[in-house]
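*Asks:*
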Ligand SMILES: Cc1ncc(COP(=O)(O)O)c(C=O)c1O
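Residue numbers (our numbering): 612 to 992.
(1) In terms of alpha-carbon separation, which member of 705, 925 and 780 lies closest to residue 845?
(2) Under the three-state reduction of DSSP, which class applies to residue 728: helix, strand or coil?
(3) Hey, how far is the Cα of residue 976 from the Cα of residue 647?
(4) When DSSP labels each residue in this structure, what does residue 992 get in the three-state scheme?
(5) With a threshold of 7 Å (Cβ to nearest heavy atom), would residue 654 be considered close to ligand 1?
(6) Beta strand (DSSP E) containing residue 781: first to last residue?
(7) Can you name, in chain order, every residue of its own chain whose Cβ lies under 6 Å from the Cβ of residue 989, other than the five neighbours on each side?
(8) Could you name the residues, in chain order, whose CB is less than 6 Å away from a heavy atom belonging to ligand 1?
(9) Go through the stretch 840-875 residue by residue and report every complete run of the beta strand (DSSP E) that reaches 3 residues or more, in order.
(10) Can you tell which of 660, 775, 670 and 678 has the C-alpha that lies nearest to the C-alpha of residue 866?
(11) Looking only at its own chain, which residues have a Cβ that is under 6 Å from the Cβ of residue 811, when we skip the five neighbours before and after it?
(12) Taking all protein chains shown into account, decide if residue 884 is buried (16 or more other Cβ within 10 angstroms of its Cβ) or exposed.
(13) Taking the runs of the alpha helix (DSSP H) that are 4 residues or longer, which of them lie wholly in the stretch 644-708?
(14) Considering Cα atoms alone, identify which of 703, 992 and 979 is closest to residue 652.
(15) In whole angstroms, what separates the C-alpha of residue 765 from that of residue 971?
(16) Thinking just about the alpha-carbon of each residue, which of 992, 851 and 961 is nearest to the one in residue 720?
(17) With DSSP as the reference, identify every bridge partner of residue 934, one or two as the case may be.
(18) Looking at residue 820 and residue 790, is the spacing between their C-beta atoms short of 8 Å?
(19) I'd like to know if residue 766 contacts chain E, where contact means its C-beta is closer than 8 Å to some C-beta of that chain.
(20) Helix, strand or coil for residue 925, going by three-state DSSP, please let me know.
(21) Under DSSP, the beta strand (DSSP E) around residue 753 begins and ends at which residues?
(22) If you measure between the beta carbons of residue 658 and residue 878, is that distance less than 8 Å?
(23) Suppose you measure from the CA of residue 711 to the CA of residue 682; what does that come to, to the nearest Å?
(24) Should residue 923 and residue 786 be called a contact, given that it needs their Cβ atoms to be closer than 8 Å?
(25) Pick helix, strand or coil for residue 968, following the three-state DSSP scheme.
(26) Alpha carbon to alpha carbon, how far is residue 782 from residue 759?
Structural data, given as structure tokens:
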């Protein structure tokens with residue numbers, strides 16, 4: 612059977628592929644130090660689990676409105692007002708089955724065939740594929756490690772063409788951990804306001820920001836930006852007409868996001884936030900540890916990890932070398948050989964549009980990180 616054209620160009624997720632390989636090895640009895648996925652090792656906090664149990668027990672297991680239950684949409688709008696001063700109506704909020712689904716819907720309702728979407732590289736693996744699925748053309752713009760992998764206003768201006776529909780911004784970034792200061796976002800915003808383009812701002816890591824770094828939600832940095840911005844977070848906020856289209860699309864795709872998860876999300880937003888601070892403190896320790904381990908390995912480097920839970924390290928000095936009788940030429944060879952020989956799972960930078968790098972998630976426990984970096988160090992030696 613012939614598949615649809617759109618599937619021929621679709622790359623499966625490399626992060627899921629690497630974690631799949633790691634899982635196969637684990638199933639065969641091998642102990643694998645898995646830094647491939649950004650999946651925290653913490654359990655869901657008790658009060659959130661409890662809200663999910665109660666939703667099940669009290670029969671909140673039926674269809675909900677396609678865009679999500681109103682109390683949750685109201686709670687999200689209220690949280691954005693309290694935290695960022697942004698005024699959204701509850702109907703501007705759409706609840707989806709995760710941020711990937713939200714991004715898919717955002718591209719589907721805004722991108723026409725042939726429209727260009729600017730994606731700064733290194734980028735999170737799904738963006739370019741989701742743009743292609745919507746019929747758009749991903750325009751990958753390389754940023755530099757010297758610039759902390761940030762897109763500059765000059766680069767943005769030079770990348771805009773009459774076909775440009777949108778700019779994708781992810782801050783704090785998966786995969787690099789870098790983030791934009793409010794001033795840098797302002798410089799990008801000036802270009803956006805000057806041109807006829809919208810911004811899809813993926814702010815899923817807004818609560819994982821380390822040290823003195825200051826997070827700013829993109830729509831806040833200049834007046835007038837809210838109408839040109841779709842904010843992707845645990846749920847998503849958009850200008851009214853776009854939110855309405857996304858709700859209509861979702862009503863045909865999925866009926867509604869899982870009802871039980873919506874009640875759990877409501878408890879997460881309205882309940883005690885101390886669990887967030889506890890997780891942040893733990894991630895902060897791991898980030899400092901991983902930073903020091905990378906700095907101590909000859910020929911390896913990474914940018915300051917201001918947020919999220921990924922280290923994106925430069926391995927160029929370690930390519931073109933032999934491991935046993937195996938030639939390690941590319942970042943893919945490096946990650947696959949590291950997994951086969953040392954049982955440490957990472958993801959190759961080329962999957963994020965940045966050959967010569969590798970990504971390690973530090974959402975793993977300290978013990979796993981310690982053993983994994985001992986093994987990475989032994990591997991490169
Ligand atoms: C930057 C970024 N956006 C979106 C997502 C997707 O989130 P979800 O797992 O809720 O679909 C992820 C998950 O890894 C991510 O790192």
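Beta carbons are placed, not taken as given, at the ideal position from N, Cα and C, and that holds for glycine.
*Replies:* For this structure:
(1) Position 234 of the chain shown, counted from the first residue, corresponds to residue 845. Nearest C-alpha to residue 845: 705.
(2) Here residue 728 refers to the residue found at position 117 when the chain shown is read from its first residue. Three-state result, residue 728: strand.
(3) In the chain shown, residue 976 corresponds to position 365, counting from 1. In the chain shown, residue 647 corresponds to position 36, counting from 1. Take the alpha-carbon of residue 976 and the one of residue 647: they are about 13 Å apart.
(4) For the purposes of this step, residue 992 is taken as residue 381 along the chain shown, with counting starting at 1. In the structure shown, residue 992 adopts coil according to DSSP, grouped into three states.
(5) Against the chain shown, residue 654 aligns to sequence position 43. Answer for residue 654: no, Cβ out of range of ligand 1.
(6) Sequence index remark: in the chain shown, residue 781 carries index 170 (1-based). Its beta strand (DSSP E) spans residues 775-781.
(7) As a first step, residue 989 must be located in the chain shown, where it is residue number 378. Closer than 6 Å at the Cβ level, and outside the excluded window around residue 989, lies no residue.
(8) The filter returns 649, 709, 710, 711, 735, 781, 785, 813 and 815, in chain order.
(9) The stretch 840-875 contains these whole beta strand (DSSP E) runs: 840-843.
(10) Looking up residue 866 in the chain shown gives position 255. Residue 678 is the option with its Cα nearest to residue 866.
(11) Within the chain shown, numbered from 1, the residue matching residue 811 stands at position 200. So the qualifying residues of the chain are 717, 777, 779 and 841.
(12) Position 273 of the chain shown, counted from the start, is the residue given in the question as residue 884. Per the 10 Å Cβ criterion, exposed.
(13) With a minimum length of 4 residues, the continuous alpha helix (DSSP H) runs that stay inside the stretch 644-708 are 657-668 and 681-695.
(14) On the chain shown, residue 652 is found 41 positions in, with the first residue counted as 1. Nearest option by C-alpha distance: 979.
(15) Position 154 of the chain shown, counted from the first residue, corresponds to residue 765. Position 360 of the chain shown, counted from the first residue, corresponds to residue 971. Cα atoms of residue 765 and residue 971: separation of roughly 30 Å, rounded to the nearest angstrom.
(16) Within the chain shown, residue 720 is the residue found at index 109, counting from 1. Checking every option, the nearest Cα to that of residue 720 belongs to 851.
(17) Residue 934 sits at position 323 when you count from the first residue of the chain shown. In DSSP, residue 934 forms a bridge with 937.
(18) For the purposes of this step, residue 790 is identified with residue 179 of the chain shown, where counting begins at 1. For the purposes of this step, residue 820 is identified with residue 209 of the chain shown, where counting begins at 1. The answer is yes: Cβ separation under 8 Å.
(19) Of the protein chains in this structure there is only one, and it is not chain E.
(20) On the chain shown, position 314 is the one that residue 925 refers to. Looking at residue 925 - three-state DSSP - the assignment turns out to be strand.
(21) As a working mapping, residue 753 is identified with position 142 in the chain shown. Residue 753 -> beta strand (DSSP E) spans 748-753.
(22) Taking the chain shown and counting its residues from 1, one reaches residue 658 at position 47. Taking the chain shown and counting its residues from 1, one reaches residue 878 at position 267. Yes.
(23) In the chain shown, the residue the question calls residue 711 occupies position 100. In the chain shown, the residue the question calls residue 682 occupies position 71. About 23 Å.
(24) Start at 1 with the first residue of the chain shown, and residue 923 comes out as number 312. Start at 1 with the first residue of the chain shown, and residue 786 comes out as number 175. Contact: yes.
(25) Working through the chain shown from its first residue, we reach residue 968 at position 357. Residue state, collapsed to three classes: strand.
(26) Locating residue 782 in the chain shown gives position 171, counting from the first residue. Locating residue 759 in the chain shown gives position 148, counting from the first residue. Taking the straight line joining both Cα atoms gives about 12 Å.
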